[in-house]
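Colleague:
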Amino acid sequence: GDSVTQMEGPVTLSEEAFLTINCTYTATGYPSLFWYVQYPGEGLQLLLKATKADDKGSNKGFEATYRKETTSFHLEKGSVQVSDSAVYFCVIQGAQKLVFGQGTRLTINP
Amino acid sequence: DVKVTQSSRYLVKRTGEKVFLECVQDMDHENMFWYRQDPGLGLRLIYFSYDVKMKEKGDIPEGYSVSREKKERFSLILESASTNQTSMYLCASRLRDFLNPYEQYFGPGTRLTVT
């Protein structure tokens, strides 16, 4: 079945550091890909998405590119802030439902 | 803005109790979902509903049931709570929309502890 594997956390960085959170997936066909973010004490919210190969999703300085050849959707940000501390989920659209990675907890220190 | 609300942020129940978790959305979404979130496991789908009075089992439906009598409300029921159902429960809704077919909007979650 469909599955998502993302980088294990927790990840701790200093403010203004470069961020990469790796995500690879297994799926039939060409699913839509998403990154969701969960800030402390809140529900999940969509951060960015890509619906076809080579699409780049971007939002709030975060980017991820749909790489069909490597079945990957890595999340990147050039300069993280303390306010980016959260749990990040890589998600794919499976048959009828979303399939979530296990989540990566990110902590940014000032 | 879409708003998905859940009846409680924190809940403590005893083993064997019947537990009701309520979810309400205010954007006339057809689809609604219940997930549980556990560390290291991500989100796992318990049940979902395409529309009023419709329900489908997700990946882990055992020990749970659901009710969707009105479009805006989706209830998760733990018939006889057990300690292994201690978890964070998240509700989500989605518009059946061909432009944004799969974006789900989440509530803040209910952290349930069963003792």
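From first to last, the protein sequence lines stand for chains A and B. When we follow the numbering used here, the leftmost residue of the first sequence carries the number 2, and every step to the right adds one. When we follow the numbering used here, the leftmost residue of the second sequence carries the number 171, and every step to the right adds one. Beta carbons: idealized from backbone N, C-alpha and C, even for Gly.
Taking only three categories from DSSP, how would you classify residue 84 (chain A)?
Modeller: Counting from 1 along the first sequence, the entry for residue 84 (chain A) is found at position 83. Helix.
Colleague: Going by DSSP in three states, residue 110 (chain A) sits in which element: helix, strand or coil?
Modeller: If you number the first sequence from 1, residue 110 (chain A) lands on position 109. Residue 110 (chain A) falls in the strand class under three-state DSSP.
Colleague: Looking at C-alpha atoms only, which residue of A:24, A:25, A:61, A:72 is the closest neighbour of residue 81 (chain A)?
Modeller: In the first sequence, the residue the question calls residue 81 (chain A) occupies position 80. Selected option, being the one with the closest Cα: A:61.
Colleague: Terminal residues of the continuous beta strand (DSSP E) containing residue 208 (chain B)?
Modeller: Residue 208 (chain B) sits at position 38 when you count from the first residue of the second sequence. It spans 201-208 - the beta strand (DSSP E) in which residue 208 (chain B) sits, taken as one unbroken run.
Colleague: Along the chain, where does the beta strand (DSSP E) containing residue 179 (chain B) start, and where does it finish?
Modeller: As a position in the second sequence, residue 179 (chain B) is number 9, starting the count at 1. It is not in any beta strand (DSSP E) - residue 179 (chain B) carries neither H nor E in the DSSP assignment.
Colleague: Would a C-beta distance cut-off of 8 Å place residue 242 (chain B) and residue 195 (chain B) closer than the cut-off?
Modeller: For the purposes of this step, residue 242 (chain B) is taken as the residue at position 72 of the second sequence. For the purposes of this step, residue 195 (chain B) is taken as the residue at position 25 of the second sequence. For residue 242 (chain B) and residue 195 (chain B), yes; Cβs fall inside 8 Å.
Colleague: Sort B:250, B:201, B:257 by Cα distance to residue 187 (chain B) and report the nearest one.
Modeller: For the purposes of this step, residue 187 (chain B) is taken as the residue at position 17 of the second sequence. Of B:250, B:201, B:257, the residue nearest in Cα terms is B:250.
Colleague: Strictly by DSSP, which residues pair up with residue 283 (chain B)?
Modeller: Working through the second sequence from its first residue, we reach residue 283 (chain B) at position 113. B:182.
Colleague: For the stretch 58-74 of chain A, which residues have a beta carbon sitting closer than 8 Å to at least one beta carbon of chain B?
Modeller: Listed by position, the residues of the stretch 58-74 of chain A near chain B (Cβ gap below 8 Å) amount to none.
Colleague: Say whether chain A places a C-beta atom closer than 8 Å to the C-beta of residue 218 (chain B).
Modeller: Here residue 218 (chain B) is taken as the residue at index 48 of the second sequence, counted from 1. Closer than 8 Å to some Cβ of chain A, the Cβ of residue 218 (chain B) qualifies, so yes.
Colleague: What three-state label does DSSP hand residue 255 (chain B) in the structure shown?
Modeller: Numbered from its first residue, the second sequence carries residue 255 (chain B) at position 85. Helix.
Colleague: Smallest Cα separation from residue 75 (chain A): which of A:89, A:41, A:84, A:42?
Modeller: Sequence index remark: in the first sequence, residue 75 (chain A) carries index 74 (1-based). If we check each option's Cα against that of residue 75 (chain A), A:89 comes out closest.
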